[in-house]
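With mature numbering (1 follows the signal peptide of the UniProt record, and there is no 0) applied, the sequence shown covers -20 to -1, 1 to 296.
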Amino acid sequence: MKPLLALPLLIALACGTAHAAEPTWQPSAGHAQVPIWPGKVPNALPNPKPETVGKDWARIDNVSIPTMTVYSPASTNTGVAVVVFPGGGYQMLAMDLEGTEICDWLTSKGITCVLLKYRVPNSGPTWTDKGRYYPKVQTALQDAQRTMGLVRQHAAEWHVDPHKVGVMGFSAGGHLVAAVSTHFDKRTYPAMDAADRLSSRPDFAVAAYPGHLWIHEDDDKATRNQEDLRLRPDIHVTKDTPPTFIVMAEDDHTDGVEQSLAYYVALQKANVPTELHLYAKGGHAFGLRKPTEPVGAWPALVETWLRGMGMLPPAK
């Protein structure tokens, strides 16, 4: 993937936060992650632990300085951009499985990928030692809204159509997809600059094995009402929610299938164009790593879906 050569504003942002410790995770050669916030991060929480990266796979913990990394298309640029939200239960981020590997695929299809390293832990609904935790301020949503504005602000520079900017998220990142798809009428933080006056609404959304959506997910499994497919109250679907693609495996024992079904039902009731693909097997967090199994077909289905909506050009 070729790097973007002109990032004057983002370089300025990076310089403005030079006092912060350099993150331990770094993107591949030719790409630079840059802070998304100018100066002080809003609603910053005390984080006594330094940012760390897992040894067995690229797991990032304790992110206090959110950044984005822009990957430009490998060949033809279609003008489409996707902001990617890795999963990790709002406790950590799976930066390769649900981040850089996704960007490699997107850029191979002519799509600009913007990989968001959003704040964790406890930046969205999650489990803690004391049970379910709902933060007063969902700082991951702030980071997502901010990044959508930044992408549109730099659309001409990055050769992106500002009306073809979507989101894609995995697991907790799938919840973040739903959050940014339903909370775009106003920012959840005070405006910082011109980027925050641009729309944060995605033009399309892809949620892979999303969690934290079903209202009964915390109920006792033996007695909870599986036929009541209502969403949690923080997600309010309307007719203006963007077209959405959902993929899930029925044997996902981390985020049960009801999570996706609840979101799908709400989208259908609001007449939002939606596709839901359920696979018998695949488990949780399959990403792109099961290409020979039926669940491995989902990336091609996303591509076909984007072509059908006119986001991508017709296949040659």
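In this text, a Cβ means the ideal position worked out from N, Cα and C, and glycines have one as well.
So the candidates are the options; which of them puts its Cα closest to the Cα of residue i?
i, options, result
"D198", "E31, A38, Y114", "Y114"
"A12", "A61, L96, P22, E31", "L96"
"E90", "K144, T47, A265", "The amino acid occupying residue 90 in the given sequence is Gly; Glu does not appear at that position. Closest option to G90, Cα to Cα, is K144."
"R177", "N205, R126, A260", "R126"
"G288", "R269, E255, A277", "E255"
"P46", "P53, N23, E238", "N23"
"A38", "S52, E81, G10, T56", "E81"
"S55", "D84, A136, Q248", "D84"
Between residue i and residue j, what straight-line distance do the alpha-carbon atoms span, to the nearest angstrom?
i, j, result
"S44", "G149", "20 Å"
"A295", "G59", "15 Å"
"A250", "T284", "23 Å"
"W107", "P101", "10 Å"
"P15", "V117", "20 Å"
"V282", "F266", "15 Å"
"residue 297", "M75", "With the chain covering -20 to 296 only, the question about residue 297 has no answer from this structure."
"T272", "A202", "35 Å"
"A260", "W194", "20 Å"
"D173", "W138", "19 Å"
"F164", "S180", "5 Å"
Could you tell me which residues DSSP pairs with residue i in its beta bridges?
i, result
"Q13", "T49"
"L73", "I40"
"I65", "The residue asked about is misnamed: residue 65 is Phe in this sequence, not Ile. BP columns for F65 point to G149."
"residue 298", "Given a span of -20 to 296 for the chain in the structure shown, any question on residue 298 remains unanswerable."
"W194", "L211"
"V100", "V43"
"Y244", "According to DSSP, Y244 bridges with nothing at all."
"W5", "W5 pairs with nothing; no bridge assigned."
"V94", "V50, V63"
With C-beta atoms as the reference, is residue i less than 8 Å away from residue j?
i, j, result
"V62", "L86", "yes"
"H196", "A152", "no"
"V227", "V252", "no"
"D235", "H257", "no"
"D123", "G146", "no"
"T162", "A187", "no"
"T168", "L121", "yes"
"A175", "L130", "yes"
"W5", "I40", "yes"
"V157", "A185", "yes"
* Can you find at least 3 beta carbon pairs, one from the segment 205 to 212 and one from the segment 234 to 253, that sit closer than 8 Å? -> Yes, since at least three Cβ pairs between the segment 205 to 212 and the segment 234 to 253 fall closer than 8 Å, the two stretches touch.
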